[in-house]
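The next block holds one structure in the form of structure tokens; read it before the comments.
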Amino acid sequence: MIIEILYIVLRFVLLMAIQVLVLNNVQLGGIINPFLYVMFLLTLPIQLPKLLLLAIAFVTGLTVDVFQNTMGMHAAACLLMAYLRPGWLKMIAPRDGYETDASPGIRKFGLRWFIVYCSVMLLIHHILLFNIEMFRFSEFFNTLTRAILSSLVTLVLIVISQYLTSKPTDRNLS
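Residues 256 to 429 (our numbering) make up the sequence shown, in order.
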């Protein structure tokens, strides 16, 4: 239990460092912003109590807000994603349900399930984040394009990092 908590804290620190030191300075084509830090929230244990999940999401988003000076935009997007996550996990649950200690991941549930899970959560996060940033309905299609492209790039980064951090013998490639 303590080792799992330490692992989660280490993953938080590592993903925040990558986001703040590297990815905050990346803007592909002027419209694509990768947000790898969201992987932290996506890979938290499934059975985590909802209130704790919301608190962790708020702290995660607020940490990015502090470094990007974005006044709560990431905190709001992370909170919405964390609020909707249990319902989405219930909708895409395997026939036998989830194990009590399961965390979403490619090696546990397979590539197809993981992409479906992450893509919806990333779109929710990015659409809210970019809509708060623009705050104009006249920029709707520009914002939607930005959210979709940024979600795709973030999804690719998350899948790559999942393969880099998973054990080769445990991977489920289906």
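Where is the CB? At the ideal position from N, CA and C, for every residue including glycine.
Contact test: residue i Cβ vs the ligand PLP heavy atom, cutoff 8 Å
| i | result |
| --- | --- |
| Gln323 | By its list of ligands, the structure shown contains no ligand whatsoever, and the ligand PLP lies outside what it can speak to. |
Same chain, Cβ closer than 8 Å to residue i, five either side skipped, listed in chain order
| i | result |
| --- | --- |
| Phe396 | none |
| Leu334 | Leu309, Ala312, Phe313 and Gly316 |
| Val264 | none |
| Arg266 | Phe295 and Thr298 |
| Ser374 | Ser406 and Leu410 |
| Tyr262 | none |
For residue i, the residue or residues it bridges with in DSSP
| i | result |
| --- | --- |
| Leu431 | Limits of the chain in this structure are 256 at one end and 429 at the other, which puts residue 431 out of reach. |
Check whether residue i and residue j have beta carbons under 9 Å apart
| i | j | result |
| --- | --- | --- |
| Val319 | Ile347 | no |
| Thr409 | Leu377 | yes |
| Met256 | Phe295 | no |
| Gln274 | Phe322 | yes |
| His381 | Ile403 | yes |
| Phe369 | Pro349 | no |
Chain D within 9 Å of residue i, Cβ atoms only
| i | result |
| --- | --- |
| Lys363 | Among the protein chains of the structure shown there is no chain D, as only one such chain exists. |
Residues near residue i by beta carbon distance below 7 Å, same chain, minus five either side
| i | result |
| --- | --- |
| Ile301 | Leu344, Tyr353, Ala357, Ser358 and Pro359 |
| Ala337 | Leu296, Leu308, Leu309 and Ala312 |
| Lys305 | Pro341 |
| Asn280 | none |
| Ser429 | Low local confidence applies: a pLDDT of 47 at Ser429 is under 50, so the model's placement there is unreliable, and no value is given. |
| Leu303 | none |
CB-CB length for residue i against residue j, believed under 8 Å
| i | j | result |
| --- | --- | --- |
| Ser406 | Asn288 | Wrong, their Cβ atoms sit about 10 Å apart, outside the cutoff. |
| Leu412 | Leu291 | 5 Å |
| Leu339 | Ile286 | With 8 Å as the limit, Leu339 and Ile286 do not qualify as a contact, their Cβ atoms being about 25 Å apart. |
Contacting residues, own chain, Cβ-Cβ under 6 Å from residue i (five flanking each side not counted)
| i | result |
| --- | --- |
| Ile260 | none |
| Leu278 | Pro289 and Leu291 |
Can you confirm whether the stretch 325-336 touches the stretch 374-388 when touching is taken to mean that 3 or more C-beta pairs between the two stretches lie within less than 8 Å? yes
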